[in-house]
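What follows is a single structure, written as C-alpha cells, with notes after it.
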Amino acid sequence: MSKQPCDMPSAGRTMHPCDGRVVSTLTRRGVVLAALASASLPLLRHLPAYAAIDDVTEVAPGVFVHQGLYEVQSAANGGDIANASFVVGSEAVAVIDTSGSAKLGVQLRDAIRAVTDKPIRYVINTHMHPDHVFGNAAFKQDNPEFVGHYKLARALGTRKEGYLAANEQMVGSDAFAGSEVILPTVSIKEPTKLDLGDRELLLEPQPTAHTDNDLIVTDLKTETLFLGDLLFSVHVPTIDGSIAGWLSVLDDLEQRNVARVVPGHGPKTMELPEALAPQKRYLSAIADDVRRQIAEGKTLEEATKSAGFSEKDAWELFDQYHVRNVTAAYAELEWE
Amino acid sequence: MTHALKKLSRTVCGVVLAASIGVLADTSAFAEEDLWPTLRAEAFGDRPIAEENGYVVLETPKKVEDAAIVPLTVRIPPHVKDKLKSLSIFIDNNPDPKVATLNFGPAAGVGGERSFATRVRVDNFSHARAVLELEDGSLHMATKFLSAAGGCAAMQAKDPDADMAGIGKTVVRTFSPALSSNPIWSGQVMIKHPNHNGMQLDINTATFIPERYVREVTVERDGELVFKLDSTFSISTNPNFRFTFAKGDNNELDVSVVDTDGVAFDGTTKRESGS
C-alpha cells in the first residue's frame, strides 16, 4: 500500500518521502499545520537550538542541578524541559536523569567534566519519560551502569519506537540526532545503596505513582532527595501511572525529614513538606471531583469538563495536560 | 475481524506524532490512502448508506487529550422510531479499523433516545464512523475526524501489572431514568481486561506480548437480548460500555464476555453475584 513508506519508523532519519508529497486529502487543520511547519523551520535555524544545559548549580556540596524549562518539548528548547542532576563522590560521579536528547546529554557531561575528572560510574533514571532519559546516550563512552526501577526496562521497551518518533518530531531531527533508548543494566527492586566514595546514594523503588517505574534517589551525605517526577512545581503534574498510588506516595514523603528535595520539574531545590502541598492539592482536587462524579453516575466526558478546574490558574501547562489527567484518573478511580 | 487490513498493523504502530501537544504535527498523516471504500465494501457491499441525515449522531471530543482513552458516543435521536438492527463503529486508520459491531435484540428498546458509548484507542489521525442499520435494512452513517495520534502510545498500559490483576472482573450497572414512564433505561458494563493488541514488544523476552482482547460481549435483560457486541483491540484497556435498553418488568442485566483466548467472564446486576 502506498502508505507504507510514510509509516516506516526510521523514515525520518533518512529520506522521508512524505515530507515533500502533495497531499490530496489535506484537511483545513492539515493545511494550517503544514504552513506552520514550513514557516517556522527557516526561522529556527537562526536561533540557538536550545538553552545551554551547562547551566548547573551546586545546591549542596558535590550536588549539582540543572533546571529545565516549564515547556513542552519543542524545536526551540531542544527537549530541555526537565531537571537533570549529578552527585560527585571522592571516587566517582552519578548522574540522575539526563534530559531529553543525546545533545543535551553531551552538554550535561561537559558540565560534569568542568567540575570533576572522576569517572561517571552510574547513570540513574528516575523514571521512563523521554525528557529524563534521552540524554543517556551521551554517557555510553563512560561505560557506566545504567540504573533504574525494575519495571523501567519493560516500560521503555514497549514505548521505545513511540518515544523516539514523537520526540524527534517535537525537537527536530538535528537536535534529536544520536538519541536512543538505553535500557538499565542494573534494575532496582529493593532499597539499594550505591557507593561514590565517601558518599552513598540510596535508591528506593516506588509503587505505581507518577508512572509504574518511579525511583527515589537520596544523597545521604547532604540529605538531598531527588524525587524525579514524583514532584512537580509550577509545571502541572502529569499522571501516567496511578493517581491513588501517587497520593499515597506523597503521604509517605510528607513524613520524611531531609534537607532539600529536587523536583523533576520545578526549582532546583525545595523543602519538605511545603514542596508537596500544591501538588497534593491538585491531585486531591481531581480525585475528589472524579470520585464524586462517578458516584453520581456522570460519564468520563462530563468529568473532563469540570473535574479539578479549580486548579486552572495555579499551574503552567494546565491546558496541555489537565484533561488528560482527569481522563486517566477517571479510568482508574471508576474501578475502586 | 478484518484480516485483510490487519497486515498494516505493525508498520502503522511505529508512527507516533506529536499527539495533541505538538504544533509541528506530521502532515504525512493526511497523505494516507482513503481506506473507507475498502472497509465499506467489506462490511456492507454495495448497499447504499445515507450520510449525516440525522438518524445517527456521533460525538467525539473536540480535542483528543489521551489517544489511549478517547470517549466516543453514538446517539439515535428520539425522532427515529424504528427498531435497531445493528451498529458498526470504525476508525479508518487504526490497525484494526473495525472497532465494534453491535447486533441488537428485542430488548434494545424503542420510544426514546437510544445511545451507545465506549472508549477507544486512536492510532493516527483518522475518521471515526458510526453506521446504523435499522430494521428495514437501511444504513445511516455519521462521521467525525479525530485529530489524535497516539501510535503505540495509544496502546500502552499505564500499569500492566494492575491491568492483569483481576482480569475478567465484570461490573454491570443500570441507571433508572428520571421519569419512571420513560421506556428507555441505561446501563453500563465495565470489564477489567488489558485488551493487548499484540504489538507491544516485551523487552525481557524480545517477543511481542500476545494479542489478547475482549472479542464478544452479550447483554441480556431478563433473558432477552439487548445486544451482542463484537469488538477489537481498538477498544481501550478495561473496556467500558454505556448503552440503553428497553424497560421491562424485570430490569436486571446479565452480561457474558469472551476474550480472544476463549476465556469467558460474566457479570450481572443481580445482588447474589455480589456486583
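Protein chains in written order, with my numbering: chain A, 1 to 336; chain B, 1 to 275.
Virtual Cβ for every residue (Gly too), placed ideally from N, Cα, C.
- Every unbroken stretch of the alpha helix (DSSP H) spanning 4 or more residues and falling wholly within the segment 79-149 of chain A is given here in chain order: 102-115 and 130-133.
- Spatial neighbours of B/E135 in its own chain (CB-CB distance under 6 Å, excluding positions within 5 residues in sequence) are listed in chain order as D82, K83 and K85.
- Within the DSSP bridge table, the entry for A/P205 names A/L215 as partners.
- Buried is the label assigned to B/H196, since at least 16 other Cβ atoms lie within 10 Å of its Cβ.
- Those residues of the segment 300-330 of chain A placed with their C-beta closer than 7 Å to a C-beta in chain B are L300, E301, Q320, V323, R324, T327 and A328, ordered along the chain.
- A Cβ-Cβ separation of about 7 Å places A/A138 in contact with A/T98 under the 8 Å criterion.
- Taking a contact as a CB-CB distance under 8 Å, the pair B/R119 and B/I69 counts as one, their CB atoms being some 5 Å apart.
- In chain order, I243, A244, A287, V290, R291 and I294 place their CB closer than 8 Å to the CB of A/L333, counting only its own chain and leaving out the 5 sequence neighbours on each side.
- For the pair A/R260 and A/T224, the CB atoms are nearer than the 8 Å cut-off.
- Within chain A, the residues whose beta carbon sits less than 9 Å from that of B/P71 are T299, L300, E301, T304 and T327, listed in sequence order.
- At a beta-carbon threshold of 7 Å, the residues of chain B lying near A/T208 are D159 and A162, ordered along the chain.
- A direct Cα-to-Cα measurement between B/N238 and A/I120 gives close to 43 Å.
- Contact between A/I112 and A/V93 holds, with the beta-carbon distance rounding to 6 Å and staying under 8 Å.
- In the DSSP assignment, A/L156 falls within the alpha helix (DSSP H) that extends over L152 to V171.
- Unbroken beta strand (DSSP E) stretches of 3 residues or longer found wholly inside the segment 215-243 of chain A: 215-219 and 224-232, given in chain order.
- Boundaries of the beta strand (DSSP E) harbouring B/S86: L84 to I91, taken from the DSSP string.
- A direct Cα-Cα distance of roughly 16 Å separates A/W315 from A/A82.
- By DSSP's assignment, B/E51 forms a beta bridge with B/M141.
- Counting only runs of 3 or more residues that sit fully inside the segment 274-334 of chain A, no beta strand (DSSP E) segment turns up.
- Around the beta carbon of B/P77, fewer than 16 other beta carbons sit within 10 angstroms, so the residue counts as exposed.
- Rounded to the nearest whole angstrom, the C-alpha separation of B/G187 and B/F245 is 7 Å.
- By DSSP's assignment, B/R129 forms a beta bridge with B/F90 and B/T143.
- In this structure, B/F227 lies near B/L102, with their beta-carbon atoms less than 8 Å apart.
- Counted as a single uninterrupted DSSP element, the beta strand (DSSP E) harbouring A/D195 occupies residues T192 to D195.
- Distance from the Cα of A/Q206 is smallest, within the candidate group A/T222, A/V186, A/L227 and A/D174, for A/L227.
- The beta carbon of A/D240 lies closer than 6 Å to those of T211 in the same chain, with the five residues before and after it left out.
- For B/D259, there are no neighbours in chain A by C-beta distance under 8 Å, as the nearest C-beta there is about 18 Å away.
- Rounded to whole angstroms, A/V65 and B/K98 show a C-alpha spacing of 49 Å.
- The Cβ-Cβ distance between A/L300 and A/Y330 falls below 8 Å.
- Taking all protein chains in view, the Cβ of B/A178 is surrounded by fewer than 16 other Cβ atoms within 10 Å, so the residue is classified as exposed.
- The criterion of a C-beta distance shorter than 8 Å is not satisfied by A/V133 and A/S74.
- Among the CB atoms of chain A, none fall inside 8 Å of the CB of B/F233.
- In the structure shown, the three-state DSSP call for A/R199 is coil.
- Put simply, the CB of A/L183 is near chain B, with a gap under 8 Å to one of its CB atoms.
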